[in-house]
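**Q**
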Amino acid sequence: MTTARDTSSQSDISKMKTEPDGSFKRQASSFRNTIEKGGKFPPEQDRYHLYVSYACPWATRTLIVRILKGLEAIIPVTVVSPHMGAHGWPFAQVDPFPAADEDPLYKSQHVKDLYLKADPDYSGRFTVPVLWDKKQHTIVNNESSEIIRIFNTAFNEFLPAEKAALDYYPEDLRAQIDEVNEWVYPNINNGVYRSGFATTQEAYSKAVVEVFEALDKAEKLLTGKDYLIGNKLTEADIRLWVTIIRFDPVYVGHFKCNIRTIRDGYPAIHRWMQKLYWENSAFKDSTNFEHIKSHYYWSHTSINPTRIVPVGPIPNVLPL
11 MTTARDTSSQ
21 SDISKMKTEP
31 DGSFKRQASS
41 FRNTIEKGGK
51 FPPEQDRYHL
61 YVSYACPWAT
71 RTLIVRILKG
81 LEAIIPVTVV
91 SPHMGAHGWP
101 FAQVDPFPAA
111 DEDPLYKSQH
121 VKDLYLKADP
131 DYSGRFTVPV
141 LWDKKQHTIV
151 NNESSEIIRI
161 FNTAFNEFLP
171 AEKAALDYYP
181 EDLRAQIDEV
191 NEWVYPNINN
201 GVYRSGFATT
211 QEAYSKAVVE
221 VFEALDKAEK
231 LLTGKDYLIG
241 NKLTEADIRL
251 WVTIIRFDPV
261 YVGHFKCNIR
271 TIRDGYPAIH
281 RWMQKLYWEN
291 SAFKDSTNFE
301 HIKSHYYWSH
311 TSINPTRIVP
321 VGPIPNVLPL
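Heads up, the sequence shown is in the working numbering, so the first residue is 11 and it goes up one at a time.
#1: Using CA coordinates, which residue listed in E82, R273, P114 and Q211 is at the minimum distance from P323?
#2: According to DSSP, is A292 helix, strand or coil?
#3: Note down, in chain order, each residue of its chain lying with its Cβ closer than 8 angstroms to the Cβ of W193, except the 5 sequence neighbours on either side.
#4: Which one or two residues does DSSP pair with L141 in a beta bridge?
#5: Which residues in the same chain have their Cβ closer than 7 angstroms to the Cβ of I239, if we skip the five residues on either side of it in sequence?
#6: In this structure, how does DSSP classify V75 when only helix, strand and coil are distinguished?
#7: When we look at the beta-carbon of G263 and count the other beta-carbons within 10 Å, is it buried (16 or more) or exposed?
#8: For a quick check, are the C-beta atoms of T209 and G48 less than 8 angstroms apart?
#9: Measure the Cβ-Cβ separation of V138 and V90 and say whether it is below 8 angstroms.
#10: How long is the line joining the alpha carbons of P180 and R249, rounded to whole angstroms?
#11: Count Cβ pairs between the stretch 148-166 and the stretch 76-87 that sit closer than 8 angstroms; are there 3 or more?
#12: Given a threshold of 16 other Cβ atoms within 10 Å of its Cβ, counted over all protein chains shown, does D16 qualify as buried or as exposed?
#13: Does chain C have any CB closer than 8 angstroms to the CB of M94?
#14: Assess contact between the stretch 301-310 and the stretch 64-71, defined as three or more Cβ pairs (one per stretch) separated by less than 8 angstroms. Is contact present?
#15: Please classify L330 as buried or exposed, where buried requires at least 16 other C-beta atoms within 10 Å of its C-beta.
#16: Assign Y58 to buried or exposed, taking buried as 16 or more other Cβ atoms, counted over all protein chains shown, within 10 Å of its Cβ.
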C-alpha cells in the first residue's frame, strides 16, 4: 500500500516560508484556464461550481461579481469554514461553523482534497477561490482576478439582457483599470500580507510604508468621487474594496498596518467603502465579519499564538 504523500507544506500556513530577507512572496496561481465557446471548458448551465471562503479577500472578489452579474442560479457556491488549520481550508463536515457548508459534490473534508482530485501531483498551495468543472472533475481556474473576468462575460448568453449588459472591465476603461490594478495589487491587496507575514523589522517597515503610500494615492483618486475610474463601478473598485473592508477589523491589528485606520485616516476611501457596503447588496452579502475575524486571528498562529479574536472595532462598518 502506498502511503499518502506529505502535503503539509502546501496546506499548513505555519510552515509557510518567507524569503531570506524576511519578506513574504505570494505564490502564483496554477490553474489558469478560461471558460469560452469551443474551448476545453465551454459555457454551460449547471456545469461549474465555486468554492470560496468568506474570510479570504481574493475569494470575496468572485462572490461579489457572481452576485452583481446575477450568476447565482448558474454557478452554485460552497463556503468553507474560516478555521484554516494544518490541512488548510476545511469544509463544515470536519469543522462546523455558522454559514460554512459541506462539500455537496464529493463530501471532501478539505479544499486540498479537490486539488489532489484535479491533480494528484499538484505541488502548490491549496487556495480559494476554486472554480470547479463538475463534468471533468477538475479545477478550471484558481486565480481570482481571472475568475472575475470569466464571470464578467462568459455566461452572458444565459442572463437577462440587463445583467448581460453589465461590464466591469469595459473596453474603453481597460487601460485605466489595468494601471490602477498594477499598484493596488502589490502595495494594498498583497501589501497588507507583506506587512503582516514579514519576519524581520526591515521587511515589515518597508512593506507597511508602501501600504500607506498606496492608500494615500487611492485617497487622492477617490476624493470627490464615488468610484475609482470613469465614474462607474468597475473591477478596480471590487479589487480594492475587499482589502479595505477588512482593514480596520483585521489588518490594522493583526498585520500591524496601524499607521492610520481607514475610518479615521482616509475620509474619501472610507465613504466609498461605506457606500458600496450599505447601498449595494452584492458587497454586503459577500461580507461575513465573523468568518473574516475568526480566520485571521485563529489561523495564523505564528502571528497570534493564543488564537484570541479581538472584539472590536465596533461596529465593523460605520453607518453612512
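A virtual CB, placed ideally from N, CA and C, is assigned to each residue, including glycine. Since the structure is predicted, the reported quantities are computational estimates derived from the model, not experimental observations.
**A** A quick look at the data gives this:
#1: Taking the sequence shown and counting its residues from 1, one reaches residue 323 at position 313. The option with the nearest alpha carbon to P323 is R273.
#2: To locate residue 292, count along the sequence shown from 1; it is residue 282. Looking at A292 - three-state DSSP - the assignment turns out to be helix.
#3: Here the question's residue 193 lines up with position 183 in the sequence shown. Correct list, in chain order: A224 and K227.
#4: Against the sequence shown, residue 141 aligns to sequence position 131. L141 is bridged to L60 and N151.
#5: Locating residue 239 in the sequence shown gives position 229, where the first residue counts as 1. Correct list, in chain order: L183, Q186, I187, V190 and A246.
#6: Here residue 75 refers to the residue found at position 65 when the sequence shown is read from its first residue. Three-state result, V75: helix.
#7: Mapped onto the sequence shown, residue 263 falls at position 253. Answer is buried; the Cβ neighbour count reaches 16.
#8: Working through the sequence shown from its first residue, we reach residue 209 at position 199. Working through the sequence shown from its first residue, we reach residue 48 at position 38. For T209 and G48, no; Cβs fall outside 8 angstroms.
#9: Counting from 1 along the sequence shown, the entry for residue 138 is found at position 128. Counting from 1 along the sequence shown, the entry for residue 90 is found at position 80. For V138 and V90, yes; Cβs fall inside 8 angstroms.
#10: Taking the sequence shown and counting its residues from 1, one reaches residue 180 at position 170. Taking the sequence shown and counting its residues from 1, one reaches residue 249 at position 239. Taking the straight line joining both Cα atoms gives about 15 angstroms.
#11: yes
#12: The residue labelled residue 16 in the question sits at position 6 within the sequence shown. Residue environment: D16 is assigned as exposed (fewer than 16 neighbouring CB atoms within 10 Å of its CB, all protein chains considered).
#13: The structure shown contains no chain C; it is built from a single protein chain.
#14: yes
#15: Looking up residue 330 in the sequence shown gives position 320. By the neighbour-count rule (16 or more Cβ atoms within 10 Å), L330 is not buried but exposed.
#16: For the purposes of this step, residue 58 is identified with residue 48 of the sequence shown, where counting begins at 1. By the 10 Å Cβ count, Y58 comes out buried.
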